[in-house]
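Chemist:
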Ligand SMILES: Cc1cc2nc3c(=O)[nH]c(=O)nc-3n(C[C@H](O)[C@H](O)[C@H](O)COP(=O)(O)OP(=O)(O)OC[C@H]3O[C@@H](n4cnc5c(N)ncnc54)[C@H](O)[C@@H]3O)c2cc1C
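Numbering (my numbering), first residue to last: 246 to 648.
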């Protein structure tokens, strides 16, 4: 007797920032697709820990805002989002700097900063209110690719699952990718990203700071005031591991003194620091993004240096394009797992992916070189941007994810 199977059209590994958004985009594109999302962390209660929705904050580009608007989630997200109205780029120890202004580009904001927990809460609520099947807590333990799709064994069920298309969105350390024998290229930056919320004496007025130091870049992104009215910004500070560990463990006074020394007094006195967390920084790219009946997306496909705040924004552009290609292809009679269709998706994303990965990779390296010629070149670049509005426009549109 044949063993019973649960049949779905699309299975997604991972309900993190990318997997959850993707599931909602797919549901919107076709209400008839049977969608299953498999996630190891329990869902639907805001206290549950999911590494995708941790203490970090994420800068969302204008394009990402448009995608959430299309999903009908922006109004809610915006309630706790801070607009980035200006970006100040500077090079520590050198006088050149440039100030990018959204107003100059005829826009109200370059993007928005939201706390990951808030984004997670909204995505999880939306998933729970939909007819998308969520298997959580559960992990994919076995994957077999078949002529018609994939067969999955998941940890919380004895019933195998078959799907026409498997989408791998289980993060940089994707075990599903490993089960499929897909290799990755990794470049370890040998640095850590220290993140924390910082209490400010002065309002940030919508200014995001990107400061390049000899150790690596630092970003201070505007956050909405706390419920007690405290002005706040989100810090991402790239540091060598020893220094990162020390600054993560030291007392608040020492931390703030060191941060103030590196960052300066652009925001007045820095008053306090919230919980500090460290992330190892690596560039990771999967060797294959598509196979017949299979796509790899999000951090499982490419995990970037957080300097330009592009990882999630790039993934959103990827999954929006994927959903469009799948919807159009299936309307024209193709199967969901059709290799030509999936390759069409990959080809359409190639140049944006290459450009974004290269920018996130080379920018911190360029600014980290500590010799007078490099410093002069950087100074000239920042000076040129400050003087030439069209250069500022190009840089800003890239940051907004619209170019
Ligand atoms: C310090 C820092 C700051 C950043 N700032 C920005 C920013 O400002 N803007 C921006 O665009 N990007 C930013 N990024 C990048 C952004 O965080 C990532 O692009 C994003 O988290 C990728 O989401 P993801 O869902 O692909 O992966 P993840 O967030 O890693 O989520 C993976 C999900 O898969 C689940 N999972 C794990 N194993 C399995 C399994 N076996 N089966 C099923 N599910 C599984 C996990 O529980 C999780 O829910 C930043 C990154 C860092 C480190």
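A virtual CB, placed ideally from N, CA and C, is assigned to each residue, including glycine.
Where are the beta strand (DSSP E) runs, 3 residues long or more, that stay fully inside the segment 337–398, in chain order?
Modeler: Those beta strand (DSSP E) runs which fall completely within the segment 337–398 and span 3+ residues are 342–346, 356–360, 378–380, 385–390.
Chemist: Check for me: the alpha helix (DSSP H) holding residue 313 runs from which residue to which?
Modeler: Translated into positions along the chain shown, residue 313 becomes position 68. 307–315 is the span of the alpha helix (DSSP H), which, as asked, contains residue 313.
Chemist: Quick one: grab the DSSP three-state call for residue 501.
Modeler: The residue you call residue 501 lines up with position 256 of the chain shown. Helix at residue 501.
Chemist: For residue 495, tell me which candidate among 250, 519, 510, 477 has the shortest Cα-Cα distance.
Modeler: Indexing the chain shown from 1 puts residue 495 at position 250. Ranking 250, 519, 510, 477 by Cα distance to residue 495 puts 519 first.
Chemist: Tell me the DSSP secondary structure of residue 488 in three-state form.
Modeler: Here residue 488 is taken as the residue at index 243 of the chain shown, counted from 1. Correct three-state label for residue 488: helix.
Chemist: Given this structure, state the Cα-to-Cα distance separating residue 425 from residue 378, to the nearest angstrom.
Modeler: Along the chain shown, read from residue 1 onward, the residue named residue 425 stands at position 180. Along the chain shown, read from residue 1 onward, the residue named residue 378 stands at position 133. Roughly 23 Å between the two C-alpha positions.
Chemist: When the Cα atoms are used, what is the spatial distance from residue 510 to residue 466?
Modeler: As a position in the chain shown, residue 510 is number 265, starting the count at 1. As a position in the chain shown, residue 466 is number 221, starting the count at 1. About 15 Å.
Chemist: For my contact list, residue 352 and residue 307 are in at a C-beta cut-off of 8 Å; report their separation, rounded to the angstrom.
Modeler: Walking along the chain shown from the start, residue 352 turns up at place 107. Walking along the chain shown from the start, residue 307 turns up at place 62. Contact holds; Cβ gap of about 7 Å.
Chemist: Considering only the alpha carbon of each residue, which of 357, 568, 552 lies closest to residue 604?
Modeler: Residue 604 sits at position 359 when you count from the first residue of the chain shown. For the residues 357, 568, 552, the minimum Cα distance to residue 604 belongs to 552.
Chemist: Could you tell me if residue 541 is buried or exposed, where buried requires 16 or more neighbouring beta carbons within 10 angstroms of its beta carbon?
Modeler: The residue labelled residue 541 in the question sits at position 296 within the chain shown. Per the 10 Å Cβ criterion, buried.
Chemist: In terms of alpha-carbon separation, which member of 286, 372, 418, 283 lies closest to residue 528?
Modeler: In the chain shown, the residue the question calls residue 528 occupies position 283. Of the listed residues, the one whose Cα sits closest to residue 528 is 418.
Chemist: Spatial neighbours of residue 385 within its chain, please: CB distance less than 6 Å, with the 5 preceding and 5 following residues excluded, ordered by chain position.
Modeler: Your numbering for residue 385 matches position 140 in the chain shown. Only 258, 283, 397, 399, 421 meet the Cβ criterion.
Chemist: Give me whichever residues DSSP pairs with residue 524 in a beta bridge.
Modeler: The count along the chain shown starts at 1 and reaches residue 524 at position 279. Partner(s): 438.
Chemist: Could you give the distance in angstroms between the alpha-carbon of residue 508 and the alpha-carbon of residue 263?
Modeler: Along the chain shown, read from residue 1 onward, the residue named residue 508 stands at position 263. Along the chain shown, read from residue 1 onward, the residue named residue 263 stands at position 18. So the two alpha carbons sit approximately 32 Å from each other.
Chemist: Could you tell me whether any non-hydrogen atom of ligand 1 is closer than 7 Å to the CB of residue 524?
Modeler: Position 279 of the chain shown holds residue 524. Checking every heavy atom of ligand 1 against the Cβ of residue 524, one is found closer than 7 Å.
Chemist: If you measure from the CB of residue 280, is any heavy atom of ligand 1 nearer than 7 Å?
Modeler: Residue numbering aside, residue 280 sits at position 35 when the chain shown is read from its first letter. No, since every heavy atom of ligand 1 falls outside the 7 Å radius drawn around the Cβ of residue 280.
Chemist: Considering residue 572, what are the terminal residues of the alpha helix (DSSP H) in which it resides?
Modeler: Translated into the one-based positions of the chain shown, residue 572 becomes position 327. Residue 572 -> alpha helix (DSSP H) spans 556–576.
Chemist: For residue 444, tell me which candidate among 554, 489, 505, 423 has the shortest Cα-Cα distance.
Modeler: Within the chain shown, numbered from 1, the residue matching residue 444 stands at position 199. Ranking the options by Cα distance to residue 444, first place goes to 505.
Chemist: Return the first residue and the last residue of the alpha helix (DSSP H) that residue 458 is part of.
Modeler: The count along the chain shown starts at 1 and reaches residue 458 at position 213. Careful: residue 458 lies outside any alpha helix (DSSP H), inside the beta strand (DSSP E) at 452–458.
Chemist: Any heavy atom of ligand 1 inside 7 Å of the beta-carbon of residue 301?
Modeler: Against the chain shown, residue 301 aligns to sequence position 56. Residue 301 Cβ: within cutoff of ligand 1.
Chemist: Roughly how many angstroms separate the alpha carbons of residue 376 and residue 569, rounded to a whole number?
Modeler: As a first step, residue 376 must be located in the chain shown, where it is residue number 131. As a first step, residue 569 must be located in the chain shown, where it is residue number 324. The alpha-carbon atoms of residue 376 and residue 569 are separated by roughly 20 Å.
Chemist: Are three or more beta carbon pairs between the segment 449–458 and the segment 582–602 nearer than 8 Å?
Modeler: Flag = no, the segment 449–458 and the segment 582–602 do not touch.
Chemist: With a threshold of 7 Å on Cβ separation, who are the neighbours of residue 649 within its own chain once the five nearest residues in sequence on each side are excluded?
Modeler: This structure cannot settle anything about residue 649, because the visible part of the chain is limited to 246 through 648.
Chemist: Does any heavy atom of ligand 1 sit closer than 7 Å to the C-beta of residue 555?
Modeler: Your numbering for residue 555 matches position 310 in the chain shown. Yes, the beta carbon of residue 555 sits closer than 7 Å to at least one heavy atom of ligand 1.
Chemist: Excluding the five sequence neighbours on either side, which residues of its own chain have a C-beta within less than 7 Å of the C-beta of residue 538, listed in chain order?
Modeler: Locating residue 538 in the chain shown gives position 293, where the first residue counts as 1. If we look at residue 538 and ignore the five residues flanking it on each side, its Cβ neighbours are 390, 394, 395, 409, 410, 411, 582.
Chemist: Should residue 563 go down as buried or exposed, given a rule of 16 or more other Cβ atoms within 10 Å for buried?
Modeler: In the chain shown, counting from the first residue as 1, residue 563 sits at position 318. Answer is buried; the Cβ neighbour count reaches 16.
Chemist: From which residue to which residue does the alpha helix (DSSP H) around residue 267 run?
Modeler: What you label residue 267 is simply residue 22 of the chain shown in a count that begins at 1. Taken as a continuous stretch (DSSP letters only), the alpha helix (DSSP H) holding residue 267 covers 262–274.
Chemist: Just how far apart, CA to CA, sit residue 270 and residue 536?
Modeler: Taking the first residue of the chain shown as 1, we reach residue 270 at position 25. Taking the first residue of the chain shown as 1, we reach residue 536 at position 291. Roughly 21 Å between the two C-alpha positions.
Chemist: Residue 250: buried (16+ other C-beta within 10 angstroms of its C-beta) or exposed?
Modeler: Mapped onto the chain shown, residue 250 falls at position 5. Label assigned to residue 250: exposed.
Chemist: Does the beta-carbon distance from residue 369 to residue 288 come in below 8 Å?
Modeler: Start at 1 with the first residue of the chain shown, and residue 369 comes out as number 124. Start at 1 with the first residue of the chain shown, and residue 288 comes out as number 43. Contact flag set, yes.
Chemist: Would you tell me roughly how many angstroms separate the C-alpha atoms of residue 498 and residue 556, rounded to the nearest one?
Modeler: Indexing the chain shown from 1 puts residue 498 at position 253. Indexing the chain shown from 1 puts residue 556 at position 311. C-alpha separation (whole angstroms): 32 Å.
Chemist: So residue 456 and residue 593 are in contact, right, with Cβ under 8 Å, and what is the actual spacing, rounded?
Modeler: Numbered from its first residue, the chain shown carries residue 456 at position 211. Numbered from its first residue, the chain shown carries residue 593 at position 348. At roughly 35 Å, the Cβ-Cβ gap does not stay under 8 Å, so residue 456 and residue 593 are not in contact.
Chemist: State yes or no: is the C-beta of residue 452 nearer than 7 Å to some heavy atom of ligand 1?
Modeler: Working through the chain shown from its first residue, we reach residue 452 at position 207. Incorrect: residue 452 has no Cβ contact closer than 7 Å to ligand 1.
Chemist: Indicate whether residue 347 and residue 286 have their beta-carbon atoms separated by less than 8 Å.
Modeler: For the purposes of this step, residue 347 is taken as the residue at position 102 of the chain shown. For the purposes of this step, residue 286 is taken as the residue at position 41 of the chain shown. No, the pair does not count as a contact, with Cβ atoms beyond the cut-off.
Chemist: Could you check which residue in 330, 303, 388 has the C-alpha nearest to that of residue 322?
Modeler: For the purposes of this step, residue 322 is taken as the residue at position 77 of the chain shown. Checked all of 330, 303, 388; the closest Cα to residue 322 is 303.
Chemist: For residue 476, is the beta carbon positioned less than 7 Å from some heavy atom of ligand 1?
Modeler: Numbered from 1 along the chain shown, position 231 holds the residue referred to as residue 476. Because no heavy atom of ligand 1 lies under 7 Å away, the Cβ of residue 476 does not count as near it: no.
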